[in-house]
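Chemist: Take a look at the following structure, please.
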Amino acid sequence: MTDRPGLPMLINRNFSLLWAAQAISQTGDFVFDTTLTLWVGTVLLDGRTYAPAAVSGLLATVAVATLLVAPLAGVHVDRWDRRRTMLASDLIRAAVIGAVAALAILPAHTLPAGVTVALVHLAVFLNAGVSQFFNPARFALTGEIVAEEQRAEAAGIGQSTQAIASILGPTLAGPLLYTAGLRWALILDTASFLLSYLLVRAIRPPAATTTTPSGPADFRKELMAGLRMTAGNTVVRAVLVVIVIVTIGSQALHVVNVFFVTGNLHADPQWYGTFYMALGLGMLGGAVLATPLGRRLGHRRVFSLGLAVTGLLLVGYSRATGLAAGLAVLVAVGVAMAVLNAALAPMLVEAVPPGYLGRVFSVLNPVQRLAGIIGTGLAGWLASTVPQDFHATLGGLRFGRVDGILTLSGLLIALGGLYAIRSLRHEVRACGPRTGTTPPCAPAPAAEAPAAPRGRAL
C-alpha cells in the first residue's frame with residue numbers, strides 16, 4: 403500500500419499507525435501499573451501493616467506472569483497473524499481493566515479488602531500475561547512493515563516512544579487517581595487500549611509469511627525449536643548472556659540510588675525522582691543519535707560499545723559527589739542506554755529468521771525479568787549486609803558502601819560490553835537450527851562481509 407502524499411508520516415503509513423498504537427498502549431500500561439500501586443498502597447490499605455507486602459506482590463505478579471506466559475506466547479505469536487494477535491491483546495486488556503473499573507464503581511466496603519486485593523492481583527497478572535503476546539507481535543510486525551534500510555530509524559523512534567511513555571505514564575497516574583478518582587483513571591486507561599485497537603486495525607501489512615500449524619506435538623516441537631535457536635544462534639546467544647550480566651548489574655542503581663542521592667550526593671529526598679527524569683531525558687537524546695550511529699558503525703558495534711560506555715559512565719556516576727554532577731552523568735547514561743537498546747532490535751532482525759522472532763523475543767524477556775529479580779536481591783543483600791561505615795581504598799580511590807556497590811555494578815556492565823565486543827565481531831546472517839529449510843548459524847565468510855559496517859534492520 404502506498405502512502406498518501408501530504409500526510410505527516412513516520413517512515414510509512416503502517417508504521418505511523420503502529421507507532422501511535424505503541425505510544426498509547428505503553429503509556430496505558432504505565433498508568434495502569436502505577437495507578438493500582440498507588441491506590442493499593444495509599445488508599446485501599448492505607449495504614450495497614452501488610453500494605454507494603456501487597457504492593458510488592460503487584461510487582462512480583464508482573465514478574466511471575468512474564469516468566470510463565472512469555473515462552474508460550476512466543477510460539478503462538480510465530481504461528482498467528484501478528485496484527486490479529488495485537489488486536490485481540492488490546493481487546494482483552496481493555497476488558498480486564500474495564501472490569502477493575504467496574505469494581506471501583508462499587509460502593510466502598512462492598513467487598514472485603516483482602517478480596518479486592520486478590521482481584522487486583524489477578525487483573526495485573528492477566529494484563530501482564532496478555533502483554534507478552536502484544537509486545538513480541540509488535541516487534542515482529544515492525545520487521546514486516548518497515549523496509550530493511552529504515553529499521554534502524556524505526557528502532558530509534560520506538561526507543562524514544564518507550565522513554566516518553568515511561569516518564570508520562572507514571573506522571574499522569576498520580577493526578578488522575580487523586581483528582582479524578584480510581585474509576586475515571588481506569589476508564590481512561592480502558593479507552594487507551596480501545597484506541598490502540600482501532601489504530602492497529604487500520605494497519606495493512608503485506609501478506610503473512612508465517613504458517614499456522616496446530617496440535618500439541620507441533621507446539622512442543624516449535625517451543626524446542628525456539629530454545630535451540632536461542633542457544634545455537636551466535637547473536638541471540640551473545641545477547642542472552644549480555645542481558646543476564648547487564649540486568650543483574652543495573653539493578654543496583656534502582657536498589658541503592660535513593661541512598662546514593664541522599665548520602666553521597668547530599669541531596670534532599672525530593673530530588674530522587676529528578677534523577678530518573680534525567681535518565682529518561684538522556685534516553686530521548688540517545689534515541690535521536692541511534693539511527694546515524696547504527697548506519698555508520700553497524701548495530702553490533704554500537705550495541706557492544708554502548709554497553710561498555712554505559713558501564714564506565716555508571717562507574718563515573720558512583721564517583722560523583724554533588725547534585726549537578728550526578729544529574730549530568732545520568733543524562734549521559736540515558737543516552738548510552740538508548741543507543742544500545744535501539745541497536746538491539748535491528749541486530750536480532752538481521753540474525754533471526756522471521757518465523758522465529760516471536761519465540762526468541764519471548765525467551766529474552768523472561769530471562770531479563772529473572773535476572774532482574776536476582777540482581778535486585780543481590781544488590782539488596784549487599785546493601786543490607788555491608789556495614790554502613792564501610793570504607794576501602796583502591797588505587798588511591800576511596801569507596802564506601804553505596805558507591806562501592808554502584809562501582810561493581812558499572813564494572814559488571816562494562817564486562818558485558820567487552821564480552822559483546824568479542825562475541826559479536828563477526829557478521830551473522832539470519833539463521834536457525836539445522837532444519838533443512840533454514841540455514842545453520844555461522845559467521846558470514848570474510849569475502850562476503852561488507853568493506854565497512856553498515857546499519858541495517860530494525
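Quick note on numbering: the sequence shown equals residues 403 to 860 in my numbering. Note that CB positions come from ideal geometry on N, CA and C, so glycine has one too.
From what residue to what residue does the beta strand (DSSP E) around H793 run?
Modeler: 793-796 is the extent of the beta strand (DSSP E) around H793.
Chemist: Is it buried or exposed for V735, if we count other Cβ within 10 angstroms and need 16 for buried?
Modeler: Per the 10 Å Cβ criterion, buried.
Chemist: So, for A496: in the same chain, excluding its five sequence neighbours on each side, which residues have a beta-carbon less than 6 Å away from its beta-carbon?
Modeler: These residues qualify, in order along the chain: T592, F595, L596.
Chemist: On the DSSP letters alone, give me the boundaries of the beta strand (DSSP E) that F801 sits inside.
Modeler: That run of the beta strand (DSSP E) goes 799-802.
Chemist: Between which residues of its own chain and A506 is the CB-CB distance below 8 Å, once the five residues before and five after are set aside?
Modeler: Excluding sequence neighbours, A506 sits near G583, L584, R585, L588.
Chemist: Using the rule of at least 16 other Cβ atoms within 10 Å of the residue's Cβ for burial, across every protein chain shown, is Q653 buried or exposed?
Modeler: Buried, by the Cβ-count rule.
Chemist: Considering H668, what are the terminal residues of the alpha helix (DSSP H) in which it resides?
Modeler: Per DSSP, H668 belongs to no alpha helix (DSSP H) and is neither H nor E.
Chemist: Here's the rule I'm using: 16 or more other beta-carbon atoms within 10 Å means buried, otherwise exposed. How should W783 be labelled?
Modeler: Classification of W783: exposed, given that the 10 Å Cβ count is below 16.
Chemist: Would you call the region 744-757 and the region 703-711 touching, i.e. three or more CB-CB distances under 8 Å?
Modeler: With the cut-off at 8 Å, the region 744-757 and the region 703-711 touch.
Chemist: Once you ignore the five residues that flank E555 on each side, which residues in its own chain have a CB closer than 6 Å to its CB?
Modeler: Closer than 6 Å at Cβ, skipping near neighbours: T693.
Chemist: CB-CB under 8 Å to A640, same chain, minus the five flanking residues each way: which ones, in chain order?
Modeler: Same-chain partners within the cutoff: Y821, A822, S825, L826.
Chemist: If distances are taken between C-alpha atoms only, which option among S427, Y719, G812 comes closest to T649?
Modeler: That would be G812, whose Cα lies nearest to the Cα of T649.
Chemist: Cutting at 6 Å between CB atoms, please list the residues of its own chain near G760, excluding the five before and the five after it.
Modeler: Here the set comprises G476, V479, D480, P538, A542.
Chemist: Given this structure, state the Cα-to-Cα distance separating P756 from M631, to the nearest angstrom.
Modeler: The straight-line gap from Cα to Cα measures roughly 12 Å.
Chemist: With distance defined between alpha-carbon atoms, name the residue in E546, V657, R603, A669 nearest to G777.
Modeler: Ranking E546, V657, R603, A669 by Cα distance to G777 puts V657 first.
Chemist: In three-state terms, what does DSSP make of L508?
Modeler: Note: L508 maps to coil in three-state DSSP.
Chemist: Could you pull out every residue in the same chain whose Cβ sits closer than 6 Å to the Cβ of G687, ignoring the five residues on either side in sequence?
Modeler: Excluding sequence neighbours, G687 sits near V737.
Chemist: Quick check on this structure: which residue in G779, T429, L699, V762 has the alpha carbon closest to the alpha carbon of A567?
Modeler: The option with the nearest alpha carbon to A567 is T429.
Chemist: Could you tell me the distance, in whole angstroms, from the CA atom of A515 to the CA atom of G443?
Modeler: One C-alpha to the other measures close to 12 Å.
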